[in-house]
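Chains as they are written, first to last, in this note's numbering: chain C, 52 to 549; chain V, 36 to 274. Each remark here refers to the structure printed beneath this line.
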């Protein structure tokens, strides 16, 4: 009987001009969204390609003049040196065309340097397209199709109650729960139509733009995304049926359900972000920048004192040669003394910067977790988390790249950054005047390694399994919400007075 | 056969809707519940459909107690509300098939549905038109056709002639007579005594949830029924 009622529901919806119009709108939005997202993906890819071309050009320049490289390392006034050759460029995630998730926010590249690693600008920073301009599959399902689900449910129970259809159905020898489940299943099958049709059209549009939707890393994600979308729409439908069962007419139900939709799609996710920002604030970027500047200045002063003292120890005098001539034996003694101190100071410097950055990252992640936790109240927010995880654009995307970048930074530190190249003296009597000497061309130990001799960055492999595992938690939550809403709706319909 | 014994029902807020209503509608009989608004007519009908659970007493459809086995009991009855419910986007034939299948008649083919509609006098060209183009009288025929297609032995109609023009009301009454001649027990409610007079074999007068008169009125005229009704209800007015 459930299937029989479901079949009638589907037939009724397909013959309703209102539903056909909404269905056409959803399909058109998915097609247009795919076209826009394909363009944005190409733009992000072009940005990544440009960064990579810049990196390769810098690497080529290194071959032309290796001595130039020395100035890119060392203390250099306490700034993280932005050497284009020392970057890991992150290309956009292919499945982000279906759920943009964190692909826009994640850094477009990571810069490596003697003072540590820093994240570069995100791929679309400053461009016209922002998160609000998203029109991907996840957005259309979360915003448009969930609204259609609400409208279908308003008619399915309260509308039928108003017209007396519900009385006619309940007079038949069928349990009310069967009638409800039939209406739920019919609504879900009806919603599956624009979803599958629109997704198919979107895939064709994306394929026409040269995006490999049939790639082994993409199509399983799309299938999972569609399955999750159905689960989310099912939960929306069940929630709407429950609310609709408390209304006597379709108009009241529509108003209530639109209010519910606004709460679930707009208020709860944004409210969760506001509450999380209040409960778990993140230190402002300017405060962190100031703390970095202060810390570096303090270390610079300490370094000048330490090196001036070591020079005195090595030579027995505070006199420093200002004519560029450094006696070999004095240089040898001085370098032997300063090596350990320099490495220790550099490590302290990196630790200081890393701690400051890590603290902010920790705060951001804590806030993000809280947003996820509070947003779980709304199936729409849960679906958003699920879609991002399924598409590989969830929080793991940035974590994975950042992890790989950290490992690479550590390799670079061992291979080059912790080595001393050239010599720096500080004249204590002239208020710590810095005097730098280039590495001696004949000194093999002092030679700056070329880029080719440095470790190459290994980008993280797409982790389909891990992403799908991440998508499991919100999927289970959606399934649980489904069950709860359906049980509530069944209880409401059973107790309903017709 | 439809039977009610000692039905009592008190709604939330304390209003007594039914107070020991008992009645029996035999096979082939048309029984009409008459009374003022709020007398308990619709509540009595709803007790047979399990829309209302009585606080006391019970309702039986073909000797199956509704409260004990509502699904089994409802298999033996067809119900037509005052506002006949039929899906407007479906055709008359599709509506009959849908409700017949819902009633467990999986074998209700397109032909069976069409035959039922034709028996109820629906024109051939209307059978496959969407119900939204039907008049109220035509929609009622769709509802009755479902009962015919399901071979239902009992029929409950709530204010069936309400809102119908005299010709359509006359046709409906003729259809009900036709069904009762086939052995169908018909229980209706009405506050239109003139029409009830020509439609019923027996009248049960309800007042404040109680049966105040239950009589078989052979060939009742509207005038006779009105006099009978007045006498029945006046007896209830406290002196």
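We put the beta carbon where it would ideally sit given N, CA and C, even for glycine.
The beta carbon of residue 118 of chain V falls within 9 Å of a beta carbon belonging to chain C, placing the residue at that interface. Contact holds between the stretch 118-125 of chain V and the stretch 158-178 of chain V, because three or more Cβ pairs, one in each stretch, are under 8 Å apart. With fewer than 16 neighbouring CB atoms inside 10 Å of its own CB, residue 186 of chain V falls in the exposed class.
Only 56, 59, 62, 63, 66, 67 from the stretch 56-86 of chain C bring a Cβ to less than 8 Å from some Cβ of chain V. Taking 9 Å as the cut-off, the Cβ atoms of residue 73 of chain C and residue 124 of chain V do not count as close.
Here residue 158 of chain C carries a strand assignment [DSSP, helix/strand/coil]. By the Cβ criterion, the stretch 213-229 of chain V is in contact with the stretch 68-81 of chain V, since at least three pairs of Cβ atoms, one from each stretch, lie closer than 8 Å. No Cβ of chain V is located within less than 9 Å of the beta carbon of residue 203 of chain C.
Taking 9 Å as the threshold, the shortest C-beta distance from residue 121 of chain V to chain C falls below it. Per DSSP, reduced to three states, the secondary structure at residue 143 of chain C is coil, with no helix or strand assignment. The DSSP-derived three-state label of residue 122 of chain V is coil. Below the 8 Å Cβ cutoff, chain V contributes no neighbours of residue 208 of chain C, its closest Cβ being approximately 14 Å away. In this structure the stretch 85-92 of chain V does not lie against the stretch 151-162 of chain V, because fewer than three pairs of beta carbons, one per stretch, are closer than 8 Å. Per the coordinates, the alpha-carbon of residue 543 of chain C lies some 29 Å from the alpha-carbon of residue 141 of chain V.
In the structure shown, residue 189 of chain V falls within a strand segment according to DSSP collapsed to helix, strand and coil.
Contact note: residue 215 of chain C reaches chain V through 116, 117, 118, 119, 120, using a C-beta cutoff of 9 Å and chain order. Every alpha helix (DSSP H) of 4 residues or more that sits fully in the stretch 257-312 of chain C is shown, in chain order, as 270-295, 301-312. Sequence-distant Cβ neighbours of residue 183 of chain V in its own chain, meaning closer than 7 Å and more than five residues away, are 151, 154, 155. In the DSSP assignment, residue 455 of chain C forms no beta bridge with any residue. With a beta-carbon spacing of about 4 Å, residue 292 of chain C and residue 540 of chain C fall inside the 8 Å limit used to define contacts.
With a threshold of 9 Å between beta carbons, residue 221 of chain C makes contact with chain V.
When DSSP reads this structure, residue 245 of chain V sits in a beta bridge with V:242. About 7 Å separates the beta carbons of residue 208 of chain C and residue 217 of chain C, which is inside the 8 Å limit, making them a contact pair.
Three or more beta-carbon pairs drawn from the stretch 395-407 of chain C and the stretch 336-349 of chain C are found closer than 8 Å, and the two stretches are therefore classed as touching.
For the set C:391, C:445, C:335, C:464, the Cα lying nearest the Cα of residue 411 of chain C is the one of C:335. With three or more CB-CB distances shorter than 8 Å, the stretch 152-167 of chain C counts as touching the stretch 456-467 of chain C. Not a single C-beta of chain V is nearer than 9 Å to the C-beta of residue 453 of chain C.
Residue 60 of chain V sits close to residue 37 of chain V, with the two beta carbons spaced by under 9 Å. Check the Cα spacing between residue 515 of chain C and each of C:443, C:509, C:507: the tightest is with C:443.
Using a Cβ-Cβ distance cut-off of 8 Å, the stretch 89-96 of chain C and the stretch 255-265 of chain C are in contact, since at least three pairs of beta carbons, one from each stretch, lie closer than that value. The stretch 140-155 of chain C and the stretch 187-194 of chain C touch, with no fewer than 3 CB-CB distances between them shorter than 8 Å. Taking the Cβ atoms as the reference, residue 78 of chain C lies roughly 4 Å from residue 249 of chain C, within the contact range of under 8 Å. Put simply, the stretch 424-437 of chain C does not touch the stretch 501-517 of chain C. Fewer than three CB pairs are less than 8 Å apart. Each of C:420, C:55, C:456, C:222 was checked against the Cα of residue 330 of chain C, and the nearest Cα belongs to C:420.
Residue 82 of chain V: member of the alpha helix (DSSP H) spanning 76-84, first to last residue.
Interface criterion met: the Cβ of residue 226 of chain C is under 9 Å from a Cβ in chain V.
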